[in-house]
Amino acid sequence: MSVNESLPVVIAAAAVFYGTPLLYASLGEVLAERSGVLNLGVEGMMLMGAVCGFGAVQVVAGPGWLALGAAVLCAAAAGAAVALIHGVLAIGLRANQIVSGLALAIFAGGSGLSSYIGNAFRLGGHPAHHEFSRIDVLGLAKMPVLGPILFHQNALVYLSWLVVAAATVYVSRSRLGLNLRAVGESPETADAAGISVAAYRYVHTLVGGALAGLGGAFYSLAITPAWIDGMTSGAGWIAIALVVFAFWRPELAVVGAYLFGALSSLTFVLQTGNVHVAPEVFAALPFVITIVVLAAVSSGWARRRLGAPAALGVPYVREAR
Amino acid sequence: VTAGLMAANLLLLLTGRHPLTVDVRLLDRGFLGAGSLSGTLITATPLLFTGLAAATAFRMQVWNIGAEGQLYMGAVAASGAGLAFGSWPTALVIPAMVAAGLLGGAVWGALPGLLRAYLNANEIITSLMLNYVAGLFITYLIFDSRSFWRDLASHSARVFPQGRNLAAGADWPALAAGPLEVPLGFGLGLVAATLLWFLNSRTRFGFETRLIGDSRPAARYAGVSIARTMVVVMCISGAIAGLGGASEVGDFRHLLDPRGLQQSGFGYAGIVVAALARYNPFAIGLVAILLGGLTNAGYSLQGPDLPAGLVGTMQGLILFFTLGGELLLRYRVRFRSAAALAEGG
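Printed below as a string of structure tokens:
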């Protein structure tokens, strides 16, 4: 058995693979929350992305790269479209962001619009015509240890690295990112400085939705190349928790996402390794660990040092200063 | 609500179904047709409980999204009690099942409450994660273990795992009101609503929760223990949802049914019910019947010729329009012509 087939390497490669949808979704939520908008509808946005991306692949005729490119655009557009509903309610109409986000999760979620679309166009039960397959980058896939982890992933994984880098530079090193942080921490000050609070919030909510949609498409076009009702099974909620673990910083979202990717891959990896534990135990593991980690980071020093944006979840009303 | 229904109709039109005929059938299946009101009450009963559970917590700005899991755990505890004490007379089994359901839900609700109160962990996320854990737990009990709840005796159950049936003595009797059959659980839900109303508006505890909901600093200055109140509220909220689970077992299913419970999504729909009723316990009863009818009709329609997923879409739309409408109620929007403005009016 070569090094590349040993358990740690297999798990690490799977962690990157299964962690990628979580990474997209939590990056999106980081951007939205940094602008002060809490969007609990991530699960719904991911499912919309998953179903629309899958639908695009089935409909678009032509070479694989064209269909998959269209699917990525469709998934992002679908995520952004449902995020717009939340934006109008939470930013425009100043509704309670928590209830509005939950409404979005119900509306678009496993027994909502995503399922309706999937059934209305009979998308279930067929394999995808095209899927994102692994690319051997520069012929390095055979390299020991790093090969399968870094150089044998699909295009969406590599795109996610670009997005992380872009988001990190954007938030902490650019003029626009500075404005974004101002809007999230103190919208009054930002407004006084001539920054449009509403515009920044709308844009970041929409971008957040688009990224969640991409994350969802990763499920229907890479992990299980098919459409199944509610196929993200709670990943959207874990992504929301990951934002807290990442202390609202894009670069740290990578760590959490891959850690949880490793957890969710354990079920598949260990089952092939003849370990006899009930599958429910492994399936419950990410959720239980989320609770434990959340309890650990929320109390004590971590919270004092790196908190949430001050205006998170608070609608901005100009007159109410 | 009306706008929400209209939007749902638009969606039907867009996907090429005739909306009016669907509406007529919705009404027929939900409220008017023979026996349909009794059927509606079957769906309305768990919604009444989960709606009350959500409203109890939301009033205090504690976001308990875990009614779903608390309902499962209530069902586990109640069916356990029903199986264990099945040989007792009915008058004793039912209280035992009710108590077990309350306890099961309360314990599951207390977990996020404690985590929030003493470790400051966001209750939205923890209570939601516990939904998935509870769902996997009941699946495990029936599908992947040889537990007390699973039917291991009969032939078919060895091939298709299912829960053990409760003894006939543990079936909750329905209250007959003329031609209408009211499940015992619905009656219990109305009792719970009345108790909650009393607790909210006539006791010191109810005042304190409202105070915390309106302004945490003010409550702290007034000497209210926010942490303790929060845990108690989460316990009550969980207990009500757990009672819903007990009623699901006692009134309708008579066994622990992981698939059925998880497909229904009563816990999430309860959030819609609570928000529509503006957290008022009695209004929740009415909204539960209304939404129960819609859901019931939606499910009975979406099998043969309508795609599934209609129910959640409809619930979400109704909720969106309620939220949007609230702003219009709070601030009366006045449309004035440009000319009137120019005159300085």
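In the order they appear, the protein sequences are chains A and B. Position 59 of the first sequence, counted from 1, bears residue number 191 in the numbering used here, the numbering being contiguous throughout. Position 189 of the second sequence, counted from 1, bears residue number 1532 in the numbering used here, the numbering being contiguous throughout. We put the beta carbon where it would ideally sit given N, CA and C, even for glycine.
Boundaries of the alpha helix (DSSP H) harbouring V1615 (chain B): 1609-1619, taken from the DSSP string.
Residue range 1523-1525 is occupied by the beta strand (DSSP E) that includes L1523 (chain B). Under the Cβ criterion of 9 Å, T1386 (chain B) is not counted among the residues facing chain A.
Here P276 (chain A) carries a coil assignment [DSSP, helix/strand/coil]. Going by DSSP, G1417 (chain B) is part of the alpha helix (DSSP H) stretching over 1410-1427. Pairing A252 (chain A) with A146 (chain A), the inter-Cα distance amounts to about 33 Å. Out of A:V449, A:P357, A:G168, A:I372, the CA that lies nearest to the CA of G187 (chain A) is found in A:P357.
In terms of beta-carbon proximity, N1465 (chain B) lines the interface with chain A, with at least one pair separated by less than 9 Å. G1448 (chain B) sits in a helix when the DSSP states are folded into three classes. Judged by DSSP secondary structure, A373 (chain A) falls within the alpha helix (DSSP H) whose first and last residues are 367-377. The Cβ atoms of H1597 (chain B) and D1494 (chain B) do not sit closer than 9 Å to each other. In the three-state scheme derived from DSSP, where H, G and I count as helix and E and B as strand, L245 (chain A) is classed as helix. The beta carbons of G393 (chain A) and V141 (chain A) sit no closer together than 9 Å.
Contacts with chain B at 9 Å (Cβ-Cβ) include G241 (chain A). Residue range 329-350 is occupied by the alpha helix (DSSP H) that includes Y332 (chain A).
Close CB contacts of R1402 (chain B) within its chain, under the 8 Å cut and outside five residues either way in sequence, are with N1543, T1552, R1553, G1556, Y1622 (chain order). The beta carbons of P319 (chain A) and N136 (chain A) sit no closer together than 9 Å. The residue from A:E161, A:G201, A:S365, A:A371 with its alpha-carbon nearest to that of L1479 (chain B) is A:S365.
In the pairwise beta carbon analysis, the stretch 1579-1590 of chain B is classified as touching the stretch 1381-1401 of chain B: at least three pairs are separated by under 8 Å. Residue pairing by DSSP places R1493 (chain B) opposite B:G1506 in a beta bridge. Shown here, P411 (chain A) sits in a helix according to DSSP, grouped into three states.
Per the Cβ contact rule, the stretch 280-287 of chain A is not in contact with the stretch 368-382 of chain A (fewer than 3 Cβ pairs under 8 Å). CA-CA distance, G1444 (chain B) to A1387 (chain B), rounds to 18 Å.
The Cβ of I1614 (chain B) sits closer than 9 Å to at least one Cβ of chain A. C-alpha of A260 (chain A) to C-alpha of T152 (chain A): approximately 19 Å in a straight line. Under the Cβ criterion of 9 Å, G1394 (chain B) is not counted among the residues facing chain A.
Separation of the CB atoms of G1412 (chain B) and A1511 (chain B) is rounded to 29 Å, and the pair is thereby denied contact status at 8 Å.
Contact of I1408 (chain B) with chain A by beta-carbon distance below 8 Å involves L234. Given a length threshold of 3 residues, each whole run of the beta strand (DSSP E) inside the stretch 1511-1570 of chain B is given here in chain order: 1518-1520, 1523-1525.
Contacts with chain A at 9 Å (Cβ-Cβ) do not include T1399 (chain B). CA-CA distance, N1639 (chain B) to I1385 (chain B), rounds to 9 Å.
Counting the other CB atoms within 10 Å of its CB gives L272 (chain A) a total below 16, which places it among the exposed residues. For N1508 (chain B), the closest alpha carbon among the candidates B:L1538, B:S1422, B:G1448 is that of B:S1422. Contacts between T1469 (chain B) and chain A, judged by CB atoms closer than 7 Å, involve I423, L426 in chain order. Residue-level contact check: G1608 (chain B) touches chain A, since one or more beta carbons of chain A fall below 9 Å from its beta carbon. Residues of chain B whose Cβ lies closer than 9 Å to the Cβ of Y448 (chain A) do not exist, since the nearest Cβ in that chain is about 14 Å away.
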